[in-house]
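Taken in order, the sequence shown gives residues -27 to -1, 1 to 346; the numbers are from mature numbering (1 follows the signal peptide of the UniProt record, and there is no 0).
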Amino acid sequence: MDRKIFSYCFITHLAILSLFCNDVVSSFSSGYNDGPKNGYNNGYNSGYNNGYNGGYNNGHGSRGYGMFSNLDYRFYDRSCPRLQMMVKSGVWQAFKDDSRIAASLLRLHFHDCFVNGCDGSILLDDSEDFKGEKNALPNRNSVRGFDVIEDIKTVIESACPLTVSCADIVALAAREAVVLTGGPFWPVPLGRRDSLTASEQAANTNLPSPFEPLENITAKFVTLGLDFKDVVVLSGAHTIGFAQCFVFKHRLFNFKGSGQPDPNLAASSDLLSKLTDTCPNVDSSNSNLAALDAASVVKFDNAYYVNLMNNVGLLDSDQILMSDSNAAALVKSYSENPYLFSRDFAVSMVKMGNIGVMTGSDGVIRAKCGFPG
């Protein structure tokens, strides 16, 4: 066996073993003692009955890293043994040229899974048969990384023709992006198939908006089989990446029609000054970019939750987590314990990556990710 392949497999299996061991020896009950008691009985107060401590009781295996649906961690071991190294190399190369791409690839996976499942539909260009998701309002001039996925797919096709789905590449690329920026590793179950179609309307409807109230965002998660804890955990992805000014500019100049900045941001004069410099109150600044987590722009850590504790979350949908006592308790736990956040983020990413997957003879394996044929 090639030495590099052996080394990677050995390290990967050590990482998987470590995750399983951590699952056994770690205790998280003390971190959630004042968590939800009314209305969130799917895990916060009794051992995570939806999978965080006692296994996914909906039939998807045991513990947080078991078998999911018909997905399999070793799905490509024989048909494309160098797959994960090829994805890793492609993400590393893209990150070297553009550090923003890590957050973009993570967001690409999120936006794919939330629209008719993790099926690579977000990658499809418009066709005569459908209007795709790329130009949906939440994605237009915002979601990036399509070229990175296509470049990785080209390399994989040369080694393993018509074998690896674009949906699996997106899932692996998101994991590599997080690891590359200092975040947790998690094993990615594989075997997804690609869709033949996409839906602009579904993207407009299903994707959470930064302007929505927390209950609406939570409802969209629950509809897909996720839960309230996943809302808080996956929001932590905002520890890396940027937002366009139009998404939060109202908080700088006219919060709730007051003609004044949001008092939370105004209390941090340095931050407010930097944001108004980046996003002056003119339409031409709408597409300017500001870091979601200025404390660690390209480092995946728990600073996002520290920011929320200090009332300086950038988006409404971020800071609003502190308005809910159950969410605020989780935010506090993650702000104090980066390991806890990393572990729970890995579990939630595996859950999200299982949404609406097609396997077996369903769907297709696309030769190019932008085209259904």
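Ideal Cβ placement from N, Cα and C applies to all residues, glycine included.
Note that the coordinates shown come from a computational prediction; the quantities given were computed from them, not determined experimentally.
Asp99 and Ala109 have their C-alpha atoms some 11 Å from each other. One Cα belongs to Phe201, the other to Ala302, and the distance between them is close to 12 Å. Distance between Val60 and Leu81, taken at the CA atoms: about 15 Å.
Bounds of any beta strand (DSSP E) do not take in Gln233, whose DSSP letter is neither H nor E. In terms of Cβ geometry, Leu225 and Leu248 form a close pair [threshold 8 Å].
Take Val304, set aside five residues on each side of it, and the residues of its chain with a beta-carbon closer than 6 Å to its own are Tyr278, Leu281, Leu294, in chain order. Per DSSP, Leu245 is one residue of the alpha helix (DSSP H) stretching across 242 to 251. Membership of Phe314 in the alpha helix (DSSP H) is indicated by the continuous run 311 to 325. In this structure, the beta-carbon distance from Val285 to Ala175 does not fall below 8 Å. CA-CA distance, Asn299 to Leu187, rounds to 12 Å. Under DSSP, Val330 forms no beta bridge with any residue. Sequence-distant partners of Asn283 (beyond 5 residues in either direction) whose C-beta falls short of 8 Å from its own C-beta, in its chain, are Ser241.
Look at Val206 here: in three-state DSSP terms it is helix. Ranked by how close their Cα comes to the Cα of Pro183, the residues Glu149, Pro162, Cys218 have Cys218 in first place. Between the alpha carbons of Asn112 and Leu288 lies a distance of about 17 Å. By the C-beta density criterion, Pro134 is exposed, having fewer than 16 other C-beta atoms within 10 angstroms. Selection Ala132, Gln66, Ala216 evaluated against Asn114 yields Ala216 as nearest (Cα-Cα). Taken atom to atom, the span from the alpha-carbon of Val337 to that of Thr136 is near 10 Å.
According to the DSSP assignment, Ala264 belongs to the beta strand (DSSP E) that extends over 262 to 264.
Taking 8 Å as the cut-off, the beta carbon of Cys342 is found no closer than this to the beta carbon of Cys86.
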